[in-house]
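Quick notes on the structure that follows.
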Amino acid sequence: MRNVAVLGAGKMGEALLSGLVKSGHPADLLCFTERHDDRAREVTERLGVRRVDVPGAAAVADTLVVAVKPQDIDALLTVLEPVIRPGTLVVSICAGLPTELYQRRLPEGTAVVRVMPNTPMLVGEAMSAISPGRHATEEHLDEVTGMLGAVGRVVRVPESQQDNVTALSGSGPAYFFYLVEAMIEAGVLLGVSRQLATELIVQSAFGAARMLRETGEHPAVLREAVTSPAGTTAMALRELEQHRTRAAITAALEAARDRSIELGKLNSK
Ligand SMILES: NC(=O)c1ccc[n+]([C@@H]2O[C@H](COP(=O)([O-])OP(=O)(O)OC[C@H]3O[C@@H](n4cnc5c(N)ncnc54)[C@H](OP(=O)(O)O)[C@@H]3O)[C@@H](O)[C@H]2O)c1
37 MRNVAVLGAG KMGEALLSGL VKSGHPADLL CFTERHDDRA REVTERLGVR RVDVPGAAAV
97 ADTLVVAVKP QDIDALLTVL EPVIRPGTLV VSICAGLPTE LYQRRLPEGT AVVRVMPNTP
157 MLVGEAMSAI SPGRHATEEH LDEVTGMLGA VGRVVRVPES QQDNVTALSG SGPAYFFYLV
217 EAMIEAGVLL GVSRQLATEL IVQSAFGAAR MLRETGEHPA VLREAVTSPA GTTAMALREL
277 EQHRTRAAIT AALEAARDRS IELGKLNSK
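In short: position in the sequence shown from 1, add 36, done, that's our numbering.
Following this line, the structure appears as structure tokens:
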């Protein structure tokens, strides 16, 4: 089993470590870097994984997972460049940062895999899309697929699709949270308590998600199955159409895609 170091144990870094520990990855083959002492102590107490510094991580790790905020990448690569060992695989989960940035800043031949995960990684249900850099091999991709498989599902995409992935699944959970929030508030307006409305809507969201995944049916087919002629659902859907909800969703995803492109340019100089 490979030795994995997570650089930056924030929300995503800890979620990945936690998933790896739960899936049976030995804690002594894991370590992390973190610049806040309190935060590092918390992670070690919760997961039994040790904190190291960047040279310490580079000395032992076969795989280095970069999980700092994109704006911290420049400082991190400056420290990493002189200490990274040949043959180390670099896995970047940083939104918007191209593999080319790592290939330019790290020693020639460094294998890099770019990943766009999402926050359901915290509950082991991430959707991660992975793309190989110039020197990443099939074995490297298998390695990353295995690692991220511990915290959710994994697909391979060409790097040119990563901004689209960011708009779809990277930001995707937030759109569902927004919809659930709006439905709960509508329930309150109808006269249902917030607690009951929350239970009704969260379970409906969970059930709908499971139906989508387990039946494999197109969402339109599942929707039609609950839309009887002149029934309650039909009336609700007419309102959604009249308020151009579908067009709003398309515009929202285009805006997320454009912002991802913009942030990538800003942080990868
Ligand atoms: N959250 C999401 O929905 C999501 C989804 C997909 C991808 N991502 C990507 O995942 C990455 C991490 O996101 P996050 O939400 O987990 O961020 P986060 O909670 O801010 O975690 C990053 C952690 O790394 C620390 N750090 C920064 N530079 C460091 C260094 N040189 N050495 C050691 N530790 C360092 C940060 O400290 P400070 O607090 O001092 O900055 C922070 O504790 C980001 O690049 C983001 O683009 C996030």
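From the three backbone atoms N, C-alpha and C, an ideal C-beta is built for every residue, glycine too. These numbers were taken from a predicted model, which means no experiment stands behind them.
With respect to the 9 Å criterion, M157 and G188 are classified as neighbours on the basis of their beta carbons.
Between V180 and V127 a beta carbon distance of about 6 Å is seen, short of the 8 Å cut, so the two are scored as contacting. Of all alpha-carbon atoms in S264, L53 and R246, the one lying nearest the alpha-carbon of E70 is that of L53.
N154 has its Cβ nearer than 8 Å to a heavy atom of ligand 1.
A172 carries a coil assignment under DSSP once its states are collapsed to helix, strand and coil. If you look at M152, you'll find it in the beta strand (DSSP E) that goes A147 to M152.
Sorting L276, R150 and A103 by C-alpha distance to the C-alpha of H171 places R150 at the top.
No Cβ-Cβ contact shorter than 9 Å links T135 with R38.
Judged by DSSP secondary structure, T99 falls outside any alpha helix (DSSP H) and instead within the beta strand (DSSP E) spanning T99 to V102. Taking C-beta separations shorter than 7 Å and ignoring five residues to either side along the sequence, the partners of P106 in its chain run C130, A131, G132, L133, L299 and N303, following chain order. Per DSSP, the beta-bridge partners of I166 are V151 and R192. Under the 10 Å beta carbon count, A162 is surrounded by 16 or more other beta carbons and is classified as buried. Set against 8 Å, the gap from the CB of A103 to the closest heavy atom of ligand 1 is smaller. When secondary structure is reduced to three states using DSSP, T69 falls in the strand class.
V42 is bridged by DSSP to F68 and V101.
Relative to the non-hydrogen atoms of ligand 1, the Cβ of V216 never comes closer than 8 Å to any of them.
Residue environment: L276 is assigned as exposed (fewer than 16 neighbouring CB atoms within 10 Å of its CB, all protein chains considered). Between the segment 194 to 206 and the segment 244 to 260, the count of C-beta pairs closer than 8 Å stays below three; the two stretches do not touch.
In the three-state reduction of the DSSP assignment, S54 falls in the helix class, which pools H, G and I.
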